[in-house]
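What follows is one structure encoded as structure tokens, with my remarks underneath.
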Amino acid sequence: MSEAPAVADSRRPLSAAGLAAAVGGLAGRWSVEHVPQTGSTNADLADRLTDPATAPDVADGTVLVTEEQVSGRGRAGRSWHCPAGAGLMFSVAHRLPRVAGPQRGWVGIVLGVAVVEGLRAATGLPATLKWPNDVLIDDHKCAGVLGEFAGPGVVVGTGINVSLTPDELAAATPPRTPAATAPTPPTSLLAAGSPLLDRGLLLAAILERLGHWFDRWGQAGGDPVRSGLRDAYRAQCATLGRAVRLDLPGDRQITGYAADIAVDGAIVVVTADGTRRTYGAADVVHLRPARRT
Numbered sequence: 001m002s003e004a005p006a007v008a009d010s011r012r013p014l015s016a017a018g019l020a021a022a023v024g025g026l027a028g029r030w031s032v033e034h035v036p037q038t039g040s041t042n043a044d045l046a047d048r049l050t051d052p053a054t055a056p057d058v059a060d061g062t063v064l065v066t067e068e069q070v071s072g073r074g075r076a077g078r079s080w081h082c083p084a085g086a087g088l089m090f091s092v093a094h095r096l097p098r099v100a101g102p103q104r105g106w107v108g109i110v111l112g113v114a115v116v117e118g119l120r121a122a123t124g125l126p127a128t129l130k131w132p133n134d135v136l137i138d139d140h141k142c143a144g145v146l147g148e149f150a151g152p153g154v155v156v157g158t159g160i161n162v163s164l165t166p167d168e169l170a171a172a173t174p175p176r177t178p179a180a181t182a183p184t185p186p187t188s189l190l191a192a193g194s195p196l197l198d199r200g201l202l203l204a205a206i207l208e209r210l211g212h213w214f215d216r217w218g219q220a221g222g223d224p225v226r227s228g229l230r231d232a233y234r235a236q237c238a239t240l241g242r243a244v245r246l247d248l249p250g251d252r253q254i255t256g257y258a259a260d261i262a263v264d265g266a267i268v269v270v271t272a273d274g275t276r277r278t279y280g281a282a283d284v285v286h287l288r289p290a291r292r293t
């Protein structure tokens, strides 16, 4: 089956020069690099930040973009793969000069909020967030976000399904074993009907919002309340207000109502007996929809 012209255009290899042109007026804020293929853009930037020989050369706001990741990973080390050119995969190095240690855990949420706002602005699609930081369109997963500490700063990255066809989405979905819980079904901007598949313009839209939130968050000393970050996340989080099941380590489960997001980014769940329980991302293996009881 031949690809539509917009899909073929979207998958043309990117370049550092072309991305710099797409970013345009934001170029002074971001230093955009491009590699055709790598294991993981997050790992590449993290290695450079933690190596004393290379860390001084990693500018705050370095953005590493690739056509294909062969060792891409998400939360809890889960692997995933997107065909070359079919996604927007990038990571950003940020040194967080004004953010204290305990507040740095919000850095992944900062990028998640920026991705949702950037996609909404660029495509008009109703992007939302599934706690903690999966990007959804109509309850289908379009992107994931991963943040990690690295030397003097942090690295945050995302992989966005841009032009994957339904057949490619089906092929990328891992087989489900009898014991496995149903994963969030995947989608792409193409499958969701986006009028824009230009990866350079999508990157620019997301970086514009990321710069906005890095500034507000940093000026507030990393405080998610004073910066408005928690309120923005709450407004975008499709998990809130729903019945959920949390799969916990040791084959434990808990069901309840997703009531709120705590000041540390944890999810607040109210169980059937009215007990309020708080769970951080590291405490939860999976979060799935549950039937109301």
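Letter by letter, the sequence shown follows residues 1 to 293 of UniProt numbering. Backbone N, C-alpha and C define an ideal beta-carbon position, used for all residues, glycine too. Computed from a predicted structure; not experimentally measured.
Rounded straight-line distance, which links the Cα of residue j to that of residue i
i, j, result
"Val58", "Asp47", "11 Å"
"Val99", "Pro152", "12 Å"
"Ala27", "Phe214", "16 Å"
"Pro178", "Val32", "Legend: pLDDT at Pro178 = 48, less than 50; position of this residue unreliable, no value from coordinates given."
"Val65", "Ser227", "28 Å"
"Gly124", "Leu189", "11 Å"
"Pro126", "Pro52", "43 Å"
"residue 299", "Leu164", "With the chain covering 1 to 293 only, the question about residue 299 has no answer from this structure."
"Thr158", "Val107", "12 Å"
"Glu67", "Val263", "36 Å"
"Leu196", "Ala272", "44 Å"
"Ala121", "Ala192", "15 Å"
"Phe149", "Val155", "6 Å"
"Val135", "Cys237", "9 Å"
"Gly61", "Gly211", "9 Å"
"Val225", "Val110", "13 Å"
"Gly85", "His94", "26 Å"
For residue i, three-class secondary structure by DSSP
i, result
"Thr128", "strand"
"Leu64", "strand"
"Val107", "helix"
"Ala179", "Here Ala179 scores only 49 on pLDDT, less than 50, and its place in the model is too uncertain to base an answer on."
"Gly265", "coil"
"Asp251", "coil"
"Pro83", "coil"
"Arg29", "coil"
"Asp273", "coil"
Where the alpha helix (DSSP H) through residue i begins and ends
i, result
"Pro166", "166-172"
"His212", "199-219"
"Pro5", "5-10"
"Gln236", "229-236"
"Ala43", "41-50"
Residue i and residue j closer than 8 Å at C-beta
i, j, result
"Ile160", "Leu229", "no"
"Arg199", "Val162", "yes"
"Leu129", "Gly112", "yes"
"Pro50", "Ser91", "One detail in the question is off: residue 50 reads as Thr in this sequence, not Pro. Taking 8 Å as the Cβ cut-off, Thr50 and Ser91 do not qualify as a contacting pair."
"His34", "Leu19", "yes"
"His140", "Thr187", "yes"
"Trp30", "Leu248", "no"
"Gly105", "Gly265", "yes"
"Ala204", "Val23", "yes"
CB contact check: residue i to chain C, cutoff 8 Å
i, result
"Ala191", "Absent here is chain C; the protein component of the structure consists of one chain."
Start-to-end residues for the beta strand (DSSP E) that takes in residue i
i, result
"Val155", "153-161"
"Ala143", "140-150"
"Gly87", "87-94"
"Leu287", "286-289"
"Leu19", "Here Leu19 belongs to no beta strand (DSSP E); instead the alpha helix (DSSP H) covers 16-23."
"Asp223", "It is not in any beta strand (DSSP E) - Asp223 carries neither H nor E in the DSSP assignment."
"Thr278", "276-279"
"Leu136", "134-137"
Residue i: CB within 7 Å of a non-hydrogen atom of the ligand ATP
i, result
"Ala21", "The ligand content of the structure shown is nil, which means the ligand ATP is not present either."
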